[in-house]
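S.K.: Dropping the structure in here first, questions after.
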Amino acid sequence: GNKSEMAVGYCTLYGDMNGGLAVIADVPKTRVFSLCRWLNREKIVIPPQIITKPPSAELRPGQKDTDSLPPYEILDDILERIINRHQAEREIIQAGHSAATVNKVIKLLAKAEFKRRQAPPILKVTDRAFGTGWRMPIASRWVINH
Numbered sequence: 003g004n005k006s007e008m009a010v011g012y013c014t015l016y017g018d019m020n021g022g023l024a025v026i027a028d029v030p031k032t033r034v035f036s037l038c039r040w041l042n043r044e045k046i047v048i049p050p051q052i053i054t055k056p057p058s059a060e061l062r063p064g065q066k067d068t069d070s071l072p073p074y075e076i077l078d079d080i081l082e083r084i085i086n087r088h089q090a091e092r093e094i095i096q097a098g099h100s101a102a103t104v105n106k107v108i109k110l111l112a113k114a115e116f117k118r119r120q121a122p123p124i125l126k127v128t129d130r131a132f133g134t135g136w137r138m139p140i141a142s143r144w145v146i147n148h
């Protein structure tokens, strides 16, 4: 999965998390789409429907990630503020995000730590990748940024 999916647990242990190297696990979903469009600028190498189809875990018919997550533009901004800028919940809310959305993302981020611990090594491309650049407790009801 990409960084957005890894952050909130939208990836499957022993499924799409399998492999020897997590190549895009430090690349947010919105940037993955930008990279796909960039790759396609001269020659179509990635089918356009992969870029235009609404993201989905495809666990049931008609499901979309936005049924239970904010749009990736919002999610990725919140994650950037938490992970790379070390902003607290109140700062992210003051930046214009809803308190309910920020709180939900923080909870999902903490809840998914156990999955990230089992991910293959991540190819680091940002200042703070999951893995050795990010280790949070997975027990004792620990809470991020409160």
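For the sequence shown, the working numbering assigns the number 148 to the last residue and increments by one with no breaks. All C-beta atoms, glycine included, are put in the ideal place defined by N, C-alpha and C. Remember, it's a predicted structure, so these values are computed and weren't measured experimentally.
#1: I need the boundaries of the alpha helix (DSSP H) containing residue 84, first residue and last residue.
#2: Please confirm if the region 80-87 is in contact with the region 95-110, defined as three or more CB-CB distances below 8 Å between the two stretches.
#3: Judging by CA-CA distance, which residue of 40, 88 and 65 is the nearest neighbour of residue 12?
#4: At the level of alpha carbons, what is the spacing between residue 128 and residue 38?
#5: Do you know offhand how far residue 70's Cα is from residue 46's?
#6: Going straight from the alpha carbon of residue 61 to that of residue 19, what length do you get?
#7: Within a Cβ cutoff of 6 Å, which residues of the same chain sit near residue 89, ignoring the five residues on either side of it in sequence?
#8: Go to residue 93, then tell me how far its alpha helix (DSSP H) extends in each direction, as first and last residue.
#9: Assuming residue 124 and residue 116 are in contact, meaning their beta carbons sit under 8 Å apart, how far apart are those beta carbons, in whole angstroms?
#10: What residue from 105, 31 and 36 has the CA that sits closest to residue 57's CA?
#11: Span of the alpha helix (DSSP H) holding residue 20?
#12: From residue 119 to residue 21, what does the alpha carbon distance come to, in whole angstroms?
#13: Locate the alpha helix (DSSP H) running through residue 103, then write down its first and last residues.
#14: Exposed or buried, which one is residue 1 when buried takes at least 16 other CB atoms within 10 Å?
M.R.: Taking the coordinates as given:
#1: Start at 1 with the first residue of the sequence shown, and residue 84 comes out as number 82. Neither: residue 84 is in no alpha helix (DSSP H) and is coded neither H nor E.
#2: yes
#3: As a working mapping, residue 12 is identified with position 10 in the sequence shown. Ranked by how close their Cα comes to the Cα of residue 12, the residues 40, 88 and 65 have 65 in first place.
#4: The count along the sequence shown starts at 1 and reaches residue 128 at position 126. The count along the sequence shown starts at 1 and reaches residue 38 at position 36. Computed Cα separation, rounded: 18 Å.
#5: For the purposes of this step, residue 70 is taken as residue 68 along the sequence shown, with counting starting at 1. For the purposes of this step, residue 46 is taken as residue 44 along the sequence shown, with counting starting at 1. Spanning the two alpha carbons is a distance of roughly 31 Å.
#6: In the sequence shown, counting from the first residue as 1, residue 61 sits at position 59. In the sequence shown, counting from the first residue as 1, residue 19 sits at position 17. Their backbone Cα atoms lie some 16 Å apart in a straight line.
#7: What you label residue 89 is simply residue 87 of the sequence shown in a count that begins at 1. 83, listed in sequence order.
#8: Counted from its first residue, the sequence shown places residue 93 at position 91. Unbroken alpha helix (DSSP H) run through residue 93: 91-96.
#9: One-based indexing of the sequence shown puts residue 124 at position 122. One-based indexing of the sequence shown puts residue 116 at position 114. At roughly 16 Å, the Cβ-Cβ gap does not stay under 8 Å, so residue 124 and residue 116 are not in contact.
#10: Stepping through the sequence shown from its first residue, residue 57 is reached at position 55. If we check each option's Cα against that of residue 57, 31 comes out closest.
#11: Counting from 1 along the sequence shown, the entry for residue 20 is found at position 18. Segment: none, residue 20 is in no alpha helix (DSSP H) and carries neither H nor E.
#12: Position 117 of the sequence shown, counting from 1, holds the residue named residue 119. Position 19 of the sequence shown, counting from 1, holds the residue named residue 21. When rounded, the distance between both Cα atoms is 14 Å.
#13: Within the sequence shown, the letter at position 101 stands for residue 103. Residues 101-113.
#14: Summary: the structure shown does not reach residue 1, with the chain confined to residues 3 through 148, and so no result is reported for it.
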